[in-house]
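Take any residue in the sequence shown, note its place counting from 1, add 74, and you have its number in our numbering.
Here a beta-carbon is modelled for each residue, glycine too, at the ideal position from N, C-alpha and C.
Because the structure is a prediction, the values reported are computed rather than measured.
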Amino acid sequence: MKISIKPTELTEEIETHPFKAFIPENLTVIIVGSFPGREVTHKNLTEDEWFYGSKRNQFWKIISGVYETELITRKQKQDLFAKHGIGIVDIFLRIKRKGNNNMDSNLEVVEFNDKAIEIILRNQNIKSIFFTSKFVEKEFMKLFPETKIGACLPSPSPRYATMSLQEKINDYKKKLPK
75 MKISIKPTEL TEEIETHPFK AFIPENLTVI IVGSFPGREV THKNLTEDEW FYGSKRNQFW
135 KIISGVYETE LITRKQKQDL FAKHGIGIVD IFLRIKRKGN NNMDSNLEVV EFNDKAIEII
195 LRNQNIKSIF FTSKFVEKEF MKLFPETKIG ACLPSPSPRY ATMSLQEKIN DYKKKLPK
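Have a look at this one:
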């Protein structure tokens with residue numbers, strides 16, 4: 075019997091984050107995630123694709139529900155975040171994937187995004203740091219253990235099914251700026 079192995083299972087390609095941190099001038103809240111999904115990093119991005127823009131990720135559906143507005147384009151998303159003083163950055167700058175999926179547990183860190191995050195943390199107006207998963211919070215605290223203003227949001231991953239989309243929206247709504 076011949077066993078077929080997909081080429082992606084044999085190679086561990088280094089992926090570099092396609093987006094820079096988004097930091098509005100009125101920054102008071104920062105959302106820290108892990109890394110974009112494989113479908114985002116392995117194709118030519120369109121102008122409207124941005125952090126967590128894969129079809130399966132619930133992040134923008136949650137944010138749309140929190141602020142009761144449609145968020146289709148990158149500009150709409152950035153304008154909303156700028157209006158509310160919300161920045162966004164990922165903890166990893168470069169990674170390798172173990173396997174062909176987007177689970178955080180399958181990410182092998184090649185390089186942290188610590189330089190960008192250090193610059194953000196110098197901002198004295200930050201009131202809250204929110205992590206998109208316990209995994210991200212753990213990785214962040216390894217790098218910045220003195221940080222005392224962090225809290226975890228429910229993961230926007232569709233794999234985090236212990237909460238419904240509406241429950242996630244309600245939780246984010248309690249924590250994010252109005």
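Supposed contact pair residue j and residue i - C-beta distance, whole angstroms, cut 8 Å
i      : j      : result
HIS91  : PHE205 : Not really, about 17 Å apart at Cβ, beyond 8 Å.
THR102 : PRO251 : 7 Å
ASN176 : GLY111 : 4 Å
PRO219 : ARG130 : In fact, because the Cβ distance is near 32 Å, the residues do not count as touching under 8 Å.
TRP124 : LYS151 : 6 Å
Of the residues the options, the one placed nearest residue i, counting alpha carbons only
i      : options                        : result
LYS170 : PRO230, ASN131, GLU185, THR221 : GLU185
ILE104 : TYR141, ILE200, GLY127         : ILE200
SER202 : SER229, TYR246, MET237, ASP178 : TYR246
LEU217 : MET177, GLY159, ASP164, LYS94  : ASP164
LYS249 : MET237, ASP153, ALA235, ILE223 : ILE223
ALA225 : ALA235, MET237, GLU211         : GLU211
TYR234 : LYS189, ASP178, ILE191         : ASP178
GLY267 : ALA190, MET237, PRO230         : Here the chain has residues from 75 to 252 only, and residue 267 is not among them.
THR221 : GLN198, THR236, MET237         : GLN198
Beta-carbon proximity check, residue i vs residue j, cutoff 7 Å
i      : j      : result
ARG196 : ILE88  : no
LYS242 : PRO228 : yes
Same chain, Cβ closer than 8 Å to residue i, five either side skipped, listed in chain order
i      : result
LEU239 : GLN132, LYS135, ILE136, GLY139
GLY161 : ALA95, PHE96, ILE97, PRO98, LEU101, VAL103, ILE104, ILE105, PHE155, ILE194
ASN187 : HIS91, ALA95, VAL163, ASP164, ILE165, PHE166, LEU167
ALA190 : LYS94, ALA95, VAL163, LEU167
MET215 : THR221, GLY224
THR236 : none
ASN244 : none
Cβ neighbours of residue i in the same chain (closer than 7 Å, five flanking residues each side left out)
i      : result
GLU182 : ILE169, LYS170, LYS172
ASN180 : ARG171, LYS172, GLY173
TYR141 : LEU154
THR143 : LEU154
PHE109 : HIS91, ASP164, PHE166, ILE169, LEU181
LEU145 : TRP134, ILE137, SER138, LYS151, LEU154
GLY159 : PRO98, ASN100, LEU101, THR102, VAL103, PRO251
Own chain partners of residue i with C-beta closer than 6 Å, once the 5 adjacent residues on each side are dropped
i      : result
GLU83  : Model confidence at GLU83 stands at a pLDDT of 46, short of 50, so the residue's coordinates are unreliable and nothing is read from them.
GLU213 : ILE165
GLU192 : none
Residue i: CB within 6 Å of a non-hydrogen atom of the ligand GTP
i     : result
PHE96 : Among the components of this structure there are no ligands whatsoever, and the ligand GTP is therefore not found.
Residue ranges of each alpha helix (DSSP H) run of no fewer than 4 residues wholly in the region 111-160, ordered along the chain? 112-115, 133-141, 148-158
Suppose only complete runs of 3+ residues qualify. What are the beta strand (DSSP E) ranges in the region 148-226, listed by chain order? 160-164, 166-171, 181-186, 202-205, 224-226
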